[in-house]
Amino acid sequence: MTRIVVLTGAGISAESGVPTFRGPDGLWEGHRIEDVATPQAFDLDPGTVLRFYDARRRALTRVAPNAAHRALARLEGALGDGLLVVTQNVDDLHERAGSRNLVHMHGELRRALCVACGARPEWDEDLAGRPSCPTCGQRMLRPDVVWFGEMPYELDRIEQAIVACDVFASIGTSGVVYPAAGYVALASAFGARTVELNLEPSDADVPFDDARAGRASELVPAWVDEVIAAEASARS
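In terms of full-length UniProt numbering, the sequence shown has 163 at position 163, counting the first letter as 1, and numbering is strictly consecutive.
Next up, the structure:
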């Protein structure tokens, strides 16, 4: 069975109405990155940071998975454990589309992180009121989102999957922020075929074997159809 690792970024969710990380003015939904996405910002003004992420969590109820999310869930149905989706997004659209073999390397809006005990409970309520951690009882919860200066989740698992994969696909991400920026080079070095599906070609240090430009909702379903057809042909 073909082993595929898919890396997704903001571009796959933008078509669902999820704002991208940075706007043309360099701001994130009207805020400077330094004011809402660093540990220092949380230490200085936790109220502003918590309200910002509470608003983003509530906004998830107003968006839905698009054809690209659903196509990747369909690919998982065909490949099973042969597919791993690694997402840089903190929304839950992959899960709602049906993906299960999934790593949120930058955390999840619908989880909280307890600064006191390290618990990561599922969380749908606001955090600005400083609720207690359900594990230790301390009022030390923050969004379970990886901020600048913090280490992404499950890097060892991601790198092991990329080293072992036959195909590495990058969808809706510029690929310029590390460690994700190095994944195409790693996959290529270990012999994987590399594919980019993005609104515009990225400036990856290592060129992709196959780079397609366009909307994720159009490119991803077509690519998934190709992969499933090739897999079926190889089995027959």
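Every residue, glycine too, gets a C-beta built ideally from N, C-alpha and C.
Among the options, whose alpha-carbon lies nearest the alpha-carbon of residue i?
i: residue 82; options: 64, 213, 162; result: 162
i: residue 211; options: 182, 168, 177, 228; result: 168
i: residue 217; options: 139, 152, 67; result: 67
i: residue 58; options: 174, 126, 189; result: 126
i: residue 140; options: 43, 30, 38; result: 43
i: residue 7; options: 84, 98, 230, 71; result: 84
i: residue 75; options: 14, 220, 192; result: 220
i: residue 96; options: 223, 173, 191, 64; result: 64
i: residue 118; options: 100, 131, 138; result: 138
i: residue 11; options: 40, 150, 214; result: 214
i: residue 202; options: 80, 130, 181, 34; result: 181
i: residue 151; options: 160, 174, 178, 173; result: 178
i: residue 197; options: 224, 205, 172, 190; result: 172
Please state the DSSP three-state secondary structure of residue i.
i: residue 87; result: strand
i: residue 156; result: helix
i: residue 144; result: strand
i: residue 213; result: strand
i: residue 104; result: strand
i: residue 109; result: strand
i: residue 127; result: coil
i: residue 15; result: coil
Please classify residue i as buried or exposed, where buried requires at least 16 neighbouring CB atoms within 10 angstroms.
i: residue 105; result: buried
i: residue 200; result: exposed
i: residue 194; result: buried
i: residue 208; result: buried
i: residue 113; result: buried
i: residue 25; result: Residue confidence for residue 25 is low, a pLDDT of 48 falling below 50, so the modelled location carries little weight; the figure read from the coordinates is stated next. Counting Cβ neighbours within 10 Å, residue 25 comes out exposed, since fewer than 16 surround it.
i: residue 133; result: buried
i: residue 73; result: buried
i: residue 30; result: exposed
i: residue 136; result: exposed
i: residue 238; result: As displayed, the chain neither begins before 1 nor continues past 236, which places residue 238 out of reach and without an answer.
i: residue 107; result: buried
i: residue 186; result: buried
Open item on the list: When you compare the segment 144-156 with the segment 88-104, are there three or more beta-carbon pairs, one atom per stretch, that lie closer than 8 Å?
Closed with: yes
Open item on the list: Which complete alpha helix (DSSP H) runs does the segment 161-210 hold, if anything under 4 residues is left out?
Closed with: 183-189
TODO: Pick out the complete beta strand (DSSP E) segments inside the segment 40-79, 3 residues or longer, and give them in chain order.
DONE: none
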